[in-house]
Amino acid sequence: QTGRPAAVGGGASTDASATIEQQVALARHAFSSGRTRPLAWRRHQLEALNRMLSECAPRIRGALMTDLAKNEVESQVTEIESVIMEARTTLRNLERWTRDRKVRTPLVLGTARAMIRREPLGTVLIIGPWNYPIHLLLMPLIGALAAGNAVVLKPSEVAPACSALMADVLPRFLDADAVQVVEGGVEETTRLLEHSFDHIFYTGNGAVGSIVMAAAARTLTPVTLELGGKSPVWVDDSAQLDAAARTIAWGKFSNCGQTCVAPDYVLTTPELVEPLAQAISRAARQMYGPDAQESHDYGRIINALHTERLAGLLDSGRAFLGGDVDVADRYVAPTVLLDVAPDSPVMQDEIFGPILPIVAVAGLDDAIDFINARPKPLALYGFTTRDAVREQLLRRTSSGGVGFNLVITQLGVPSLPFGGVGGSGMGRYHGEFSVTTFSHEKAVLHKRPGTDPMALARPPFSWLTRKLL
Ligand code: NAD
């Protein structure tokens, strides 16, 4: 090994591209030194990450309050505890998830032994989004570290307080060479993508996803793309309407609808539209009171641009609930839209805000046709007590994941893969799936010396010709 590359900061060039260059070189050097491979190092990093989350919890909650006006309890549960749980699960299973797996060999190979070894990929790039700026940066980090990689993290510049906090605290708790945090926006990410990585894990919108994939194609770098889409909800007349409404309202209005697996729109039969709208409105008022703008439990839209984008969608229907916008306060009220035409603006792209269209369809078949006429969503939800309806939804639609009589909760199960399909992404993670995402599964075949199972395959073939042909 050559010596460690020049350190970042303290006398190093302040030119941004030079710094990115150095940071990538430091991560690469840490990986090639071999020190990220032993399980002891990986365990140490995961424990340190959990220490950081516990000790810095007040600062994390503060940064989330600044960026998203996220209520402290919500931040604690969705951005801190959920990550701690994932790291704990990973620590508990680390040995099992990373050990060699013996597999069967064909009889013809005699006593040769076959196994799969999970080896780290090398230096990986993780690009995070702004909507859960801590959770969605650190969850993939857990898998990358558990698999023994060095990591370059790029938090979203759209959540600047969280980005600055991660850049400040992560190097103080984790191996400061092997885990680099590069802050910045499009310019910095573009520069990062000019480097060669061993894997790129991107969470965000599909337009940037294709930029990332095109950049990765230049160096044949594998990618995981965690994207979004319009996640539909089907509600039928067998569903418990109040319970369904409470669940849908919670999923749609938490974090102001800025959740990749939030219910995007509801499909139901005409006679259920008004009762459901009423029940969802009741549930919203129970959560946030008569004026959500006054509620400490209700968040804000990430910035004025997105607030204005959402305001523009309100003309797509009649606001049964809400419909108020205060751009200066980045506030969009919890809103239920009725009389929405399927080709209206709100039904085009992922809403990513607290606006819930309820669209009437004739029945389940029409709902399935409606869903299948659009790109494959990240999540699909069904509120029904009928087994046959559940089976129809599963069999006749395609989505990253499915939840019945619940929303969002499916991604809290570490033994379930989390990821999209088609337009909602490629690849998956969480739990052991994260370890496989950030590992290469190396095929190893070991023949005992002195045995010669391939003797028959060598010419001359005259004997085999008589036997086989
Ligand atoms: P964003 O604007 O923060 O972008 C994500 C990342 O891409 C950022 O780090 C940003 O710096 C980088 N980026 C932006 N433009 C770029 C460019 N031109 N070149 C290179 N990099 C660039 O977040 P966003 O995309 O607005 O996030 C919202 C979207 O993400 C929604 O569609 C949502 O559904 C999806 N999402 C998906 C998941 C998931 O797990 N599948 C989770 C959260 C969000």
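Take full-length UniProt numbering: the final residue in the sequence shown is number 473, and no numbers are missing along the way.
For every residue, glycine included, the Cβ atom is placed at its ideal position computed from N, Cα and C.
None of the values given here were measured: they were computed from a predicted structure.
Identity of the residue in the options nearest residue i by Cα
| i | options | result |
| --- | --- | --- |
| H444 | A218, P226 and I215 | P226 |
| E83 | Y136, T455 and Y335 | Y136 |
| A266 | I355, Q282 and S37 | I355 |
| A73 | A165, A150, T102 and E99 | A165 |
| S58 | S36, R41 and M89 | M89 |
| K104 | P124, V28 and L398 | It is worth fixing the name first, because residue 104 is Asp in this sequence and not Lys. The shortest Cα separation from D104 among P124, V28 and L398 belongs to P124. |
| I306 | S160, L341, N376 and L468 | S160 |
| A447 | Y206, P349, V107 and L53 | V107 |
| E275 | L342, E191, T469 and A182 | L342 |
With 16 other Cβ atoms within 10 Å as the buried cut-off, status of residue i
| i | result |
| --- | --- |
| P463 | exposed |
| F465 | exposed |
| E395 | exposed |
| K256 | buried |
| L368 | buried |
| Q49 | buried |
| K158 | buried |
| Q262 | buried |
| P453 | exposed |
| A11 | Since pLDDT at A11 reaches only 45, below the 50 mark, its modelled position is unreliable, and no value is offered. |
| Q184 | buried |
| H434 | buried |
| M170 | buried |
| Q352 | exposed |
| W467 | exposed |
| G357 | buried |
| S17 | Reliability of the predicted coordinates at S17 is poor, the pLDDT of 37 falling under 50, and the value obtained from them is presented with this limitation in mind. With fewer than 16 Cβ atoms within 10 Å of its Cβ, S17 is classed as exposed. |
| P421 | buried |
| L384 | buried |
| L449 | exposed |
| A459 | exposed |
| R432 | buried |
Residue i Cβ short of 8 Å to ligand 1 heavy atom set
| i | result |
| --- | --- |
| I412 | no |
| I215 | yes |
| P133 | yes |
| C260 | no |
| C264 | yes |
| G426 | no |
| Y136 | yes |
| N54 | no |
| G208 | yes |
| residue 474 | Any answer about residue 474 is impossible in this case: the structure gives the chain only from 5 up to 473. |
| V350 | no |
| L309 | no |
| G126 | no |
| E83 | no |
| T102 | no |
| A163 | yes |
| G405 | no |
| V28 | no |
| residue 474 | What the structure shows of the chain is the stretch from 5 to 473, and residue 474 is not part of that stretch, so it cannot be assessed. |
| T193 | yes |
| F422 | yes |
| F201 | no |
| V212 | yes |
Cβ of residue i within 9 Å of any chain D Cβ
| i | result |
| --- | --- |
| S37 | The chain labelled as chain D is not found in the depicted structure, where only one protein chain is given. |
#### Entry: the segment 238 to 251 contacting the segment 208 to 224, beta-carbon criterion three pairs below 8 Å
no
### Message
Quick check on the DSSP output: what are the complete beta strand (DSSP E) runs of length 3 or more inside the segment 78 to 125, in order along the chain?
### Response
105 to 107 and 117 to 124
#### Entry: At least 3 beta-carbon pairs within less than 8 Å: the segment 395 to 404 vs the segment 296 to 314
no
### Cβ contact (3+ pairs, closer than 8 Å) linking the segment 377 to 386 and the segment 289 to 300
no
### Message
Three Cβ pairs or more, each shorter than 8 Å: is that satisfied between the segment 110 to 122 and the segment 196 to 209?
### Response
no
#### Entry: Secondary structure, beta strand (DSSP E): runs of 3+ residues fully inside the segment 245 to 302
269 to 272
#### Entry: beta strand (DSSP E) runs contained entirely in the segment 347 to 409, provided each spans 3 or more residues
359 to 364, 383 to 387 and 405 to 408
### Every unbroken alpha helix (DSSP H) within the segment 179 to 237, with a cutoff of 4 residues, ordered by chain
190 to 198 and 210 to 222
### Query
Between the segment 291 to 301 and the segment 333 to 340, do three or more beta carbon pairs fall short of 8 Å?
yes
### Query
For the 8 Å Cβ check, are there 3 or more pairs between the segment 214 to 224 and the segment 137 to 144?
no
### Task
Please specify which runs of the alpha helix (DSSP H), each continuous and at least 4 residues long, are wholly inside the segment 297 to 339, giving them in chain order.
308 to 315
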